[in-house]
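For this note's numbering, add 5 to where a residue sits in the sequence shown, where the first one is 1. Everything below concerns the one structure shown next.
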Amino acid sequence: MHYLFHLLEDEVHARALFHHMMKQCGPSETNIILSKSIEEAHYNASRYAFHAEFLDISLPDGNAFDYLTQRGRIQHPIVFITGHDDFMLEAIRQGAMDYLLKPLVQQDFQLCVDRVMAMVNQQNLKTRLAINSLEGIEFLNLTDIVFCRADNNYAHIRLQNGRELCVSKTLKWLENTIASTDFVRIHQSYLVNKAFVHRYIHSDQSILLYDGKMLPVSRAKRAQALTILAQ
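So, in structure tokens, the structure goes:
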């Protein structure tokens, strides 16, 4: 599984130390999205579905507490990394999983990452996907999703009953949010539920679904996709 973390940090040395320690202590398949300001953090939060966030508190254009308040309810782990020890009470009120002081100490960071990963892995045992619609929030069973198709900054979700939903999220956001080994990225434009895959066709470099629909498999994704589909 690939993990997506968010680092909100404007100090060059602090960013370098975080990356170094994450390589030492974190999971091997980790991508870190970097934000150097509150404005950039909001932009990245609108594009990505993070598994966890590591936040400095004082930024040039605001503070991380205001950022979290404006984000609303957040279910993934939040860790504050700061040079100040007088914000701990507010961090607890914001639901922080941990509060680390700079400079980072590897032993403390390792314990923090272990706790974060335990929570992330528990959360990923999800069975449903929440999608915003004009009428409210719609909850989809992952087992009902056949595939998802990219359409620029939108995505189409095809359900087992033939219904198709258009959502204002990227395919990458759906992939990170679903975060299930039952789904495989076969193409830049397609994420498919492997339970609905009938066979791979070499001549067309595509997969045939049980409903007869064909989906393309890109050369870049083929080896990894076929390995996952065979599991």
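Every residue gets a Cβ at the ideal spot worked out from N, C-alpha and C, and that includes glycine.
- Taken through DSSP and simplified to helix, strand or coil, Leu109 comes out as coil.
- The shortest C-alpha to C-alpha distance from Tyr53 to any of Pro65, Leu145, Leu12, Asp61 is the one to Leu12.
- In this model, Val197 and Phe144 are separated by some 18 Å (Cα to Cα).
- With a contact defined as Cβ atoms closer than 8 Å, Asn146 and Arg133 qualify at about 6 Å.
- With a contact defined as Cβ atoms closer than 8 Å, Pro108 and Leu22 qualify at about 7 Å.
- Nearest C-alpha to Ser223 among Ser194, Ser185, Ile142: Ser194.
- From the listed residues Asn49, Ala155, Glu34, the smallest Cα separation to Arg190 is found for Ala155.
- Its Cα nearest to that of Lys41, the residue Phe59 stands out among Thr232, Lys177, Phe59.
- Close CB contacts of Thr87 within its chain, under the 8 Å cut and outside five residues either way in sequence, are with Asp61, Ile62, Ser63, Tyr104, Leu105, Leu106, Lys107 (chain order).
- Straight across, the Cα-Cα distance linking Ala230 with Ile136 is about 26 Å.
- His18 carries a helical assignment under DSSP once its states are collapsed to helix, strand and coil.
- Of the candidates Met219, Ala69, Leu116, the residue whose Cα lies closest to the Cα of Met93 is Ala69.
- Of the other Cβ atoms in all chains shown, fewer than 16 fall within 10 Å of the Cβ of Met219; this residue is therefore exposed.
- Checking the DSSP bridge columns, you'll see Asp149 has no partner listed.
- In the pairwise beta carbon analysis, the region 66-85 is classified as touching the region 118-125: at least three pairs are separated by under 8 Å.
- In chain order, Pro32, Thr35, His56 place their CB closer than 6 Å to the CB of Tyr8, counting only its own chain and leaving out the 5 sequence neighbours on each side.
- DSSP places Thr87 inside the beta strand (DSSP E), whose first and last residues are 83-87.
- Around the CB of Lys28, fewer than 16 other CB atoms lie within 10 Å, so the residue is classed as exposed.
- Around the beta-carbon of Tyr159, fewer than 16 other beta-carbon atoms lie within 10 Å, marking it exposed.
- Cβ contact annotation for Leu179 (same chain, cutoff 7 Å, sequence separation greater than five): Cys153, Ala160, Leu196, in chain order.
- If you keep only unbroken beta strand (DSSP E) runs of at least 3 residues inside the region 139-196, you get 141-146, 150-156, 159-164, 169-172, 188-192.
- In the three-state DSSP reduction, Ala235 falls in the coil class, being neither helix nor strand.
- DSSP, read as helix, strand or coil, puts Glu34 in coil.
- Bridge partners of Ala57 according to DSSP: Phe10.
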